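Notes for the one structure printed next.
Residue numbers (our numbering): -2 to 168.
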């Protein structure tokens, strides 16, 4: 891949400030209140660790999916629960049969895997992801900072996770 070359596709001026984080469940507006509730739950369950940001984030990352599944199931048992179909599917998780693709068209932009780009003159396997992450100065840093950070990478595999096929299944 070449250095000092601008990207192809949507002009960068059109992309700035319009994307959402694409990490796991955090790219879905419906899940954001549950993330906040889960962090409150963890702080209440582990009061000794309230101020240890990294520990709290690690605990959140390792327990959120199971907690969300239980929380949504509990809400579904209530009348007028307001749980959307999308949230039900997300809480249940994706279908375990995952198709792989060499390229994929998303909002008019065709993305390729690196192996596909290697045999072509035009390349479109590079990606940029803005994600909220914990930043530390060293392994002993006691004051990590949670902020947005940009990551660049190359697409090695394209998976199509299917949450909608779960619509006929219950949690």
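Beta carbons are placed, not taken as given, at the ideal position from N, Cα and C, and that holds for glycine. Computed from a prediction, not measured in an experiment: that's the story for all the values here.
- Cutoff 8 Å; reference residue 122; Cβ partners in own chain excluding five residues on either side: 108, 109, 110, 111, 113, 114, 151, 152
- Report all residues from its chain with a CB closer than 7 Å to the CB of residue 135; omit the five preceding and five following residues, and keep chain order. none
- Task: Look at the Cβ atom of residue 172, then the Cβ atom of residue 131, and state whether they are nearer than 8 Å.
- Result: As shown, the chain starts at -2 and ends at 168. That puts residue 172 outside it, with no answer to give.
- Taking the DSSP output, what are the residues bridged to residue 109? 100
- Cβ pair count under 8 Å reaching 3, the stretch 22 to 39 against the stretch 72 to 87: Here the stretch 22 to 39 lies against the stretch 72 to 87, with 3 or more beta-carbon pairs under 8 Å apart.
- residue 124, DSSP secondary structure in three states: strand
- Same chain, Cβ closer than 8 Å to residue 66, neighbours up to 5 away in sequence not counted: 88, 89, 90, 168
- Message: Give me the DSSP bridge partner(s) of residue 147.
- Response: 127
- Message: Rounded to the nearest angstrom, what separates residue 32 and residue 143 at their Cα positions?
- Response: Using only the alpha carbons, I get a separation of about 15 Å.
- Proximity winner among 69, 147, 47, relative to residue 128 (alpha-carbon distances): 147
- Query: Can you round the beta-carbon distance between residue 37 and residue 57 to whole angstroms, since I take them to be within the 8 Å contact cut?
  - Reply: That belief does not hold up - the Cβ atoms of residue 37 and residue 57 are roughly 11 Å apart, past 8 Å.
- Query: Exposed or buried, residue 69, counting other C-beta atoms within 10 Å across all chains shown (16 or more means buried)?
  - Reply: buried
- Minimum C-alpha distance to residue 160 - residue among 94, 42, 73, 104: 94
- Look at the alpha carbon of residue 45 and the alpha carbon of residue 53, and state the distance between them as a whole number of angstroms. 11 Å
- Task: Return yes when the Cβ of residue 157 is within less than 8 Å of the Cβ of residue 98, no when it is not.
- Result: yes
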